[in-house]
Amino acid sequence: MKVMVVGLDCAAPALMFDKLKDHLPNITRMTENGIYGKLRSTDPPITIPAWMVMATGRSPGELGLYGFRSRVGNSYTQIKIPSSKDIKFDTVWDILGKRNKRSIVVAVPPTYPPKPLPGLMISDFMTPDKDKEFTYPPGLKNEILRDFPDYQFDVKFRKPEKEKIINEIYQMSDTRFKLVEKLLKEKPWDFFFMVEIGIDRLHHAFWRYIDENHHLYEKNDMMRNKFISYFEMVDYHVGKMMEMMDDDTIMMIVSDHGAKGMKGAFAINQWLIKEGYLKLKNEKVAPGASLDEIEVDWSNTKAWAWGGYYARIFLNIKGRENQGLIDPSRVKDEIAVLKEKLKNIRGPNGEEWKTIVFEPEEKYDVVNGDRSDLFVYLDDLNWRAAGTLGYETDYLLENDTGPDDAVHDYDGIYIIYRKNKRIGKKIDSSIYRVAPTILELYNVRKRYGIKGEPMEGIEYVK
Amino acid sequence: MAEDKKYTTVSIPTPLFEKIQQKIKDTGFTSVSDYVTFVLREILAHSSDNEAFSEEDEKKVKERLKSLGYLD
């Protein structure tokens, strides 16, 4: 038995299973003959930690990963970017490696710097540059750059030249698929796990061309067609990989989260100032300034926030932060009040929002690493959070760091397909079931003792 | 104890040993052990034991993540 996991970052059920179905003959063949459904993502539903939750079966709390940055100690401004070295649990390829299975692992975040494994690894989009060691074994890098000199880890998409960006995303993904097809053909492997980041980039930069209900909807046939032809290219490569399967190979297509139209960005730190939680030394702030660029009156500040697809709020607690203000005995009450206030934030026209606020302990059994005191999904993630400030309004219709059309949604997708099996079942599942499913397919799940159950219906493909 | 000795033994499959023996025939390597040590050192030299990102790398990645909307 061999398993191929094709990760499509941000692939959304409504597009993959419905709206674009007619453009995706191979993927549709997989859903019609396999098992498929929505895949509920992690909290927060973000690339980091979601892919590592998939690869380890561990929660973000266990992994101690809650997003693309962690706080260094209890510092106000120092942050750290996650890397492979922060992953302290075995991934499925580590577990299989210990059982003499060779893996090919491509672009799973975060896998930079690449750790040794029996097999091959190419690190993810957080690799600083092509001049770094981005492969294991190191020699693989030369082979890649020789055969695919245009290989790219990522694209920079928040720039105005839309047509150029969409072509770049296409090129990047097409090249990565060609590279993995070559590896699958030429190298020995028992397990394969890749992540293609292009769909996420495409959604963020071009959602307005396919969503008639988006507040920035633009009717532009050329861009719409380019959007669709990107997906046709992905489907073409899925078909290529299907051709390489024998009867004993199982292909899983998975995504780490879904997508939906972004309604805007809410300047959360401006709101904290108005509510009396955050104090600046000088109230005049240039538009777009971030907290680490201005002087914060920390000793009079009760709370501050980080932006992103969700907001993280930190309390300034005596004995924890070096200019802490809130007495530890008051923390519980302060959190309760702040939670209520956050839940009552209304939209730009006074409309009610469905904001979700939680403390990490409410979601995870174990809470490791540098976590914020509160996690906030503004209007059920429809609004992103801007950590920057200095704006005339708290409601920004564009993102604060450049144009962006989409936010993340809770449900991604999964499909499990085995050649010559006719199953055709739709069963919604959870991201926590991916690692147990993979181990179950290799018959090592029970021996390894991984937490969590394999996906329902897995017996049909076994 | 390994740390008391200058050298220690690792096991490799015999066919691999023989393959290496063939490969280093008429080369500058005098033994399979020499060759294996050389190759392993080469591989280890490429992997860093320290921080994942240098200061400059981290700056680069942060900037990219900012432009992608993950950090703001």
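In order, the protein sequence lines correspond to chains R and X.
The numbering used here applies: residue 126 is where the first sequence begins, and numbers increase by one.
The numbering used here applies: residue 1155 is where the second sequence begins, and numbers increase by one.
All residues carry an ideal CB built from backbone N, CA and C; glycine is no exception.
Beta-bridge partners of residue 228 of chain R, as assigned by DSSP: R/244, R/316
Residue 1180 of chain X, buried or exposed, once every other Cβ within 10 Å from all chains shown has been counted against 16: exposed
Simplified DSSP assignment, three categories, for residue 589 of chain R: Residue numbering for chain R in the displayed model covers 126 to 587; residue 589 of chain R lies beyond these limits and cannot be assessed.
Within 7 Å of chain R by C-beta, residues of the stretch 1184-1200 of chain X in sequence order: 1197, 1200
Distance, residue 277 of chain R Cα to residue 307 of chain R Cα: 16 Å
Neighbourhood of residue 585 of chain R by C-beta distance below 8 Å, restricted to the same chain and skipping five residues each side: Non-local C-beta neighbours of residue 585 of chain R in its own chain, meaning closer than 8 Å and more than five positions away in sequence, comprise 160, 546, 548, 550, ordered along the chain.
Partners in chain X for residue 76 of chain R, counting only beta-carbon separations shorter than 7 Å: Outside the shown range of chain R (126 to 587) lies residue 76 of chain R, about which nothing can therefore be said.
Residue 388 of chain R burial status per 10 Å Cβ neighbour count (16 or more: buried): buried
Closest Cα partner of residue 507 of chain R within the set R/496, R/491, R/531, R/497: In terms of CA proximity to residue 507 of chain R, R/531 leads the group R/496, R/491, R/531, R/497.
Whether residue 340 of chain R touches residue 164 of chain R by CB criterion (8 Å): no
Test: residue 1171 of chain X CB closer than 8 Å to a CB of chain R: no
Distance between beta carbons of residue 453 of chain R and residue 466 of chain R, contact taken as under 8 Å: Rounded, the Cβ-Cβ distance is 21 Å, inconsistent with contact.
Contact set between residue 1216 of chain X and chain R, taken where Cβ atoms lie within less than 7 Å: 206
Beta-carbon gap between residue 192 of chain R and residue 173 of chain R smaller than 8 Å: Taking C-beta atoms as the reference points, residue 192 of chain R and residue 173 of chain R count as a pair closer than 8 Å.
Check whether residue 498 of chain R and residue 439 of chain R have beta carbons under 8 Å apart: A contact, by the Cβ cut-off of 8 Å.
First through last residue of the alpha helix (DSSP H) which encompasses residue 359 of chain R: 346-368
Environment of residue 80 of chain R [buried if 16+ CB atoms lie within 10 Å]: Look at the range of chain R in this structure, 126 to 587, and you will see that residue 80 of chain R is not part of it.
Residue range of the unbroken beta strand (DSSP E) whose run includes residue 533 of chain R: 531-534
Secondary structure of residue 251 of chain R, DSSP reduced to three states: Three-state DSSP puts residue 251 of chain R in coil, outside helix and strand.
Members of the stretch 457-475 of chain R that neighbour chain X once the beta carbon cut-off is set at 7 Å: none
Contact list for the stretch 181-209 of chain R against chain X, Cβ threshold 9 Å: Contact residues of the stretch 181-209 of chain R toward chain X are 192, 193, 194, 204, 205, 206, 207, 208, 209 (C-beta to C-beta distance below 9 Å).
Proximal residues of chain R, C-beta to C-beta of residue 1212 of chain X below 9 Å: Taking a Cβ-Cβ cut-off of 9 Å, the neighbours of residue 1212 of chain X in chain R comprise 205, 206, 253, given in sequence order.
When R/150, R/138, R/510 are compared against residue 358 of chain R, the one with the closest alpha-carbon: The shortest C-alpha separation from residue 358 of chain R is found at R/150.
Residue interval of the beta strand (DSSP E) (run including residue 378 of chain R): Note, residue 378 of chain R: beta strand (DSSP E), 374-379.
Proximal residues to residue 170 of chain R (C-beta, below 6 Å), its chain only, five neighbours per side dropped: 382, 533, 535
Contact under 8 Å by Cβ, residue 295 of chain R with residue 259 of chain R: no
Distance between residue 128 of chain R and residue 518 of chain R (C-alpha atoms, nearest Å): 51 Å
Closer than 8 Å to chain X by CB, residue 415 of chain R: yes
Residue 386 of chain R at chain X interface by Cβ criterion, 8 Å: It does not: the Cβ of residue 386 of chain R has no partner Cβ on chain X nearer than 8 Å.
Option nearest residue 558 of chain R by Cα separation, candidates R/408, R/377, R/468, R/483: R/377
In DSSP terms, what residue 541 of chain R is bridged to: R/160, R/377
8 Å CB neighbourhood of residue 410 of chain R in its chain, flanking five on each side removed: The beta carbon of residue 410 of chain R lies closer than 8 Å to those of 419, 514, 515 in the same chain, with the five residues before and after it left out.
CB contact check: residue 533 of chain R to chain X, cutoff 8 Å: Output row for residue 533 of chain R: interface = no.
Other residues of its chain near residue 479 of chain R: CB distance less than 8 Å, five sequence neighbours each side excluded: 504, 505
8 Å Cβ cutoff met for residue 126 of chain R and residue 573 of chain R: no
Nearest-angstrom Cβ-Cβ length linking residue 247 of chain R and residue 269 of chain R, presumed shorter than 8 Å: Right, their Cβ atoms sit about 7 Å apart.
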